[in-house]
Each structure stands twice: as structure tokens, then as C-alpha cells.
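The structure appears right after this line, and notes come after that.
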Amino acid sequence: MFIIDVKADRFVLPTFITHPNAPLYKFADICDEPVNDVAERLCNTGAVSEFVVEEIKKWFRRDYRWKDTITMGYPERPKWRITVQPNKGKVTIKFKQRDFEQLSVLAFALDITPTTTAAVLIRVTLGNKKVMQWYLSNFLRHLDEMEIRKIYRLLKL
């Protein structure tokens, strides 16, 4: 289902499976950027966003230290499961080592693999209105009003 491939010692390449019609592909298409670049930026943004961490902390099975905050994890919480349907495409994301370490710490707290954590971060980040508004204002200033409206409709923000 998920494959982690480590290349050199600076970049880590998790590959996860997603549907070609998924919001990630449509979002990347509207942004006119490669899917793997958009996925990397969404993961990195989500991993350090207070809003995203607040949303997923209910799934922490282990303690998570982030900035000046420690969130307690509880092993009796259910493990986060992502179901995979057939006929899915693959997305390979190239992370810098520092970013992958942040992803791994989050994965440890959730008690899932870093690859699954990347998929979770992309889903949650794309669905979080505040994070996406920040993302649009910082990374997608070049888009015209019509394209921004398409993104809002796509993500139902």
C-alpha cells in the first residue's frame, strides 16, 4: 500500500496512493504546479500549523512535543486507518531531511507510518479553511480571482 524509499541522506521519498481525481490533483492543476511539489508544501505547512495539529491531536496515541507545547497521547485511542481503493495513482514526495524528521515525529505520535502521516496531512490541510487561506495568500499570489474561486469551490471553503 505505502512505500518509503530513502535516497541519499538528505532527501526522503514517501510514496502514497491517491486517486487521480482527488482534490490534490485538481488543486495542483488549478495552481499549475506539479502534484509532488504541491503535496510537499501542503505536508510541510500542515506539520507546523497549529490548526492542523489541533485537528489531528485527538488521534495521538503517543505524546507529541511541538514548539512550546506537549500534547498527551493515549494508547487506547483508535489507530488512524486510511482505506485504499483500487485504481489509484501514486504520488512521490521528496522531503528534505529536516522536514522528514518533523513528519516522523508526528507519525510517531499518531502511531502510523510517515507515508500515511503525509497522506493525513494533505487531507487535513486541504480541508482546513484557515490554513488554506494562509496558503493561498503566501504561495498562490499569482492566481487570478477566477482560479482562486475554483479552489474555494473545489475545497468547499
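Note that this note's numbering has the sequence shown beginning at 11, numbered continuously upward.
Ideal Cβ positions, reconstructed from N, Cα and C, are used throughout, including at glycine.
This one's a predicted model, so the numbers in the text were calculated from it and none came from an experiment.
Three-state secondary structure (DSSP) at Y74?
Strand, per DSSP.
Would you identify the three-state DSSP class for T81, choosing helix, strand or coil?
strand
Rounded to whole angstroms, what is the Cα-Cα separation between D154 and D39?
14 Å
Whole-Å CB distance - V115 paired with G56, under 8 Å assumed:
With a Cβ gap of about 13 Å, V115 and G56 do not count as contacting.
Just to confirm before moving on: does the CB-CB distance between V6 and N138 stay below 7 Å?
The chain is shown only over 11 to 167; residue 6 falls outside these bounds and no answer can be derived.
Look at the Cβ atom of K67, then the Cβ atom of T81, and state whether they are nearer than 7 Å.
It is a contact, given that the beta carbons lie within the stated cut-off.
Measure the CB-CB distance between L136 and P33 and report whether it falls below 7 Å.
yes
Measure the beta-carbon distance from L52 to I161 and round it to whole angstroms, keeping in mind my assumption that it falls under 8 Å.
With 8 Å as the limit, L52 and I161 do not qualify as a contact, their Cβ atoms being about 13 Å apart.
Taking C-alpha atoms, which residue in R151, K89, Q112 and Q107 lies nearest to I122?
K89
Pick from D47, Y74 and R108 that is closest to A119, judged by C-alpha positions:
Y74
Give me the Cα-Cα distance between L146 and H152, rounded to the nearest whole angstrom.
10 Å
Of the listed residues I158, P124 and R159, nearest to E50 (C-alpha basis):
Checked all of I158, P124 and R159; the closest Cα to E50 is P124.
Span of the alpha helix (DSSP H), counted from its first residue to its last, around W90
Per DSSP, W90 belongs to no alpha helix (DSSP H) and is neither H nor E.
What residues in its chain sit with their C-beta under 7 Å from that of Y84, if we drop five residues either side in the sequence?
R71
What's the call for T148, buried or exposed, on a 16-neighbour Cβ count within 10 Å?
It should be pointed out that residue 148 corresponds to Asn in this sequence rather than to Thr. That one is exposed.
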